[in-house]
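Each residue of the sequence shown is one higher than the one before, counting from -5 in our numbering. Here a beta-carbon is modelled for each residue, glycine too, at the ideal position from N, C-alpha and C. All remarks here apply to the structure that follows.
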Amino acid sequence: MLDSELEKNLNEAFKLAHRKKHEFVTVEHLFLSILGNNDALEVLNYCGADIEALQKNPESYIKETTPLNSEEEEQEIQPTLGFQRVLQRAVFHVQSSGKKEVNGANLLVAIFSEKESHSVYLLQQEGITRLDIVSFMSHGKNEKN
């Protein structure tokens, strides 16, 4: 259901949360991890995103807002409800479109439904909308360039 590159990105999100001793893995962890995904990067580059800026900002946001695991012994990192909704939404959209695998671009589209997400704010600051991404995925072009 998830393409192999996206599976690696999901693992990276959990590893990042684990390394930083975060209690939760969030939409922002997920967003940061898919900034290394070829499908997501293709769309973002086409839309004119400043990838470097998109990478820096979530790191500081995650550091400031994500609770640390307070336990002495390691506990399993839990995905937030937003993280779970993004994955479920991406899978549902791909299934309903008759495709077989979820990729990084599908995940970007799903992130836009998390209205309170800092990742959505960052994308909007870059002038990127959900429609831009969906248009690129559907037609290979959009009105950005």
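DSSP state of residue i mapped onto helix, strand, coil
i	result
Gln69	coil
Glu110	coil
Leu116	helix
Leu24	helix
Leu35	helix
Leu29	coil
Distance between residue j and residue i (C-alpha atoms, nearest Å)
i	j	result
Phe77	Leu102	12 Å
Leu48	Gly92	31 Å
Gly98	Thr123	16 Å
Gln82	Tyr115	21 Å
Glu17	Val85	25 Å
Val126	Ala104	According to the sequence as given, residue 126 is Asp; it is not Val. So the two alpha carbons sit approximately 13 Å from each other.
Gln118	Lys14	27 Å
Gln69	Gly134	43 Å
Thr161	Ser27	The displayed coordinates of the chain run from -5 to 139. Any statement about residue 161 would go beyond what the structure contains.
Asn39	Ser111	21 Å
Val88	Thr74	22 Å
Ser90	Val80	15 Å
Cys41	Lys94	25 Å
Ser64	Phe130	43 Å
Leu35	Ile71	27 Å
Leu0	Leu29	11 Å
Val37	Glu46	15 Å
Asn136	Asn100	Since pLDDT at Asn136 reaches only 41, below the 50 mark, its modelled position is unreliable, and the value read off the structure follows with that caveat. If I take the Cα positions, the gap works out to 16 Å.
Lys50	Phe25	12 Å
Residue range of the unbroken alpha helix (DSSP H) whose run includes residue i
i	result
Ile105	98 to 105
Ser129	124 to 133
His87	75 to 90
Leu0	-2 to 13
Distance between beta carbons of residue j and residue i, contact taken as under 8 Å
i	j	result
Glu120	Ala43	5 Å
Glu22	Ser113	6 Å
Asn32	Asn3	The Cβ separation is near 10 Å, so there is no contact.
Asp(-3)	Val128	That belief does not hold up - the Cβ atoms of Asp(-3) and Val128 are roughly 18 Å apart, past 8 Å.
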